[in-house]
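Chains as they are written, first to last, in my numbering: chain A, 3 to 237; chain B, 117 to 383.
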């Protein structure tokens, strides 16, 4: 077990400077060493956004209470996109622990600063049970995200349970607007970075309401027809 | 008293010209948003669509939207405009084209010609952390670049195939990055001068294909308030679409076109 923990640590520190998907899979200790019976992956993906720093969200994730809760919910992997500014903060948290002290609760931790293909990681968090390939089974995971449009939309498209954490420092705080609206419509759970991220995990994993049903307008007009109107063809 | 004649000679005429220009602009805006588009375009003719991309969120949203709305049999030429330094959007545009072409070919077996596309990089209106004192100058630079792009004359822009009768794009679609304000303003300015030249040359009574039409889609993240770009473009865009019911029916002022609610355009 100590060996495995150590492997995780080295894996994550190498991955901070690499974005290669192949590397992640080949270094991921569960795939290499664990017996097939425990190979059902359950991934928690954390994204803090690419442009603005969000140290509060990194701090909310880099603590023992968080890992403990994830372990209770049978999560096996934590992928964290901590942004250009969060790398030092996250690495120093990892460095503060000795291998084998149990603080990660056997969860594989993999951090990276930015990847233009977040969809790949979301794919890892989706429920997949390919027939006859038990070692590729995945349970429905969880996504904890800043309230950025791109991340939320991609999460909704993948049908992931969402915890939406607004970054209050951003201009006119419109992230909070969006997060409140998403929660009230049942598309996700809103949490504050400094308070209830951990307690939101319960709520979000239980909420499976309407992840795949976007809001529709009663009128027949949409982007397609609007563009078409502007072209104004001869009838 | 040398002061009084100076006032009369310079300031009063200047003020008069400014007021007159203001009235013309106001009138042109009202007229432009309310005028019917002449129905002269024939089906099957090539259409040039210009897509303005911005930073991360805007770009992601735009491609989610285009995935649903971009019919390659109609929009035969696509120009993607990105700001300098934004490699993410430029890469995404190329990726999207490859994926979308493959997808549409699979869905529509009768589709043979998927057209072509171009990615044009123009200078940024205001860089992050740039001082507000120099911002007006870079904005003018960006506006000028937009004008050139719309005329097909920007240095790194590809030349359109011969079958396109005009270098100007037929439709401009954008969803709110700062550069979109420059682009829509540039389109309106060009159209104003095209209109004036048609009036002066006596061709204005003959209906012509209307180009440089602008469609603005407010960001999905905007639920109760319009974005800054949205507020600025409310009197300028030909079609203003919003994705939440709370923003429906807004208009710049009395007599102007209202925003229309189209539901989520992004999923």
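Positions of the beta carbon are idealized from the N, C-alpha and C atoms, including for glycine. This one's a predicted model, so the numbers in the text were calculated from it and none came from an experiment.
- Among the CB atoms of chain A, none fall inside 8 Å of the CB of residue 273 (chain B).
- Annotated as proximal: residue 157 (chain B) and residue 235 (chain A), with beta-carbon spacing under 8 Å.
- Around residue 224 (chain A), the beta-carbon contacts reaching into chain B at under 9 Å are 184, 185, 357, 378, 379, 381.
- Look at residue 376 (chain B) here: in three-state DSSP terms it is strand.
- Excluding the 5 residues flanking it on each side, residue 374 (chain B) has same chain C-beta neighbours closer than 7 Å at 365, 366, 367, in chain order.
- In the DSSP assignment, residue 160 (chain A) is bridged to no other residue.
- Using beta-carbon distances, residue 337 (chain B) counts as an interface residue toward chain A, with a partner under 8 Å.
- Closest option to residue 47 (chain A), judged by alpha-carbon separation, among A:151, A:170, A:121: A:121.
- Here residue 116 (chain A) carries a coil assignment [DSSP, helix/strand/coil].
- The residues 47, 81, in chain order, have a CB closer than 7 Å to that of residue 123 (chain A) in the same chain once the five nearest residues on each side in sequence are set aside.
- Shortest Cα-Cα distance from residue 139 (chain A) to any of A:147, A:125, A:148 involves A:125.
- Of all residues in the segment 225-237 of chain A, those with a C-beta nearer than 9 Å to a C-beta of chain B are 225, 226, 227, 228, 229, 230, 231, 232, 233, 234, 235, 236, 237, reading in chain order.
- A check of alpha carbon separations from residue 70 (chain A) across A:204, A:229, A:232, A:228 identifies A:204 as the nearest.
- By the neighbour-count criterion, in which 16 or more other beta carbons inside 10 Å mark a residue as buried, residue 229 (chain B) falls on the exposed side.
- Only those residues of the segment 282-296 of chain B whose C-beta falls short of 8 Å from the nearest C-beta of chain A are listed: 286, 287, 289.
- For residue 153 (chain B), the C-beta contacts it makes with chain A under 9 Å involve 231, 232, 233, 234, in order along the chain.
- Against residue 217 (chain A), the close residues of chain B are 379, 380, in the order they occur along the chain (beta-carbon pairs closer than 7 Å).
- The three-state reading of DSSP puts residue 246 (chain B) in coil, since its state is none of H, G, I, E or B.
- Put simply, the CB of residue 179 (chain A) is near chain B, with a gap under 8 Å to one of its CB atoms.
- Judged by pairs of C-beta atoms under 8 Å, the segment 123-139 of chain B does not touch the segment 217-228 of chain A, as fewer than three such pairs exist.
- Not a single C-beta of chain B is nearer than 8 Å to the C-beta of residue 188 (chain A).
- Relative to the Cα of residue 50 (chain A), the nearest Cα in the group A:127, A:115, A:73 belongs to A:115.
- The beta carbon of residue 200 (chain B) sits closer than 6 Å to those of 237, 239, 240, all from its chain and outside the five residues before and after it, given in chain order.
- Residue 147 (chain B) has a beta carbon lying at 8 Å or more from every beta carbon in chain A.
- When Cβ-Cβ separations below 8 Å define contact, residue 177 (chain B) makes contact with chain A.
- Taking CB atoms only, residue 164 (chain A) has no neighbour in chain B less than 8 Å away.
- One thing to note: residue 67 (chain A) has its Cβ no nearer than 8 Å to the Cβ of residue 117 (chain A).
- As DSSP reads the structure, residue 44 (chain A) sits in a beta bridge with A:141.
- For a Cβ distance threshold of 8 Å, residue set 179 of chain A lies close to residue 340 (chain B), ordered along the chain.
- The three-state secondary structure of residue 128 (chain A), taken from DSSP, is coil.
- The C-beta of residue 207 (chain B) comes closer than 8 Å to at least one C-beta of chain A.
- Taking C-beta atoms under 8 Å as the contact rule, residue 44 (chain A) and residue 76 (chain A) qualify, at a distance of about 6 Å.
- At least 8 Å separates the beta-carbon of residue 345 (chain B) from that of residue 298 (chain B).
- For residue 181 (chain B), a Cβ of chain A is located within less than 8 Å of the residue's own Cβ.
- Beta bridge pairing from DSSP links residue 357 (chain B) with B:333, B:376.
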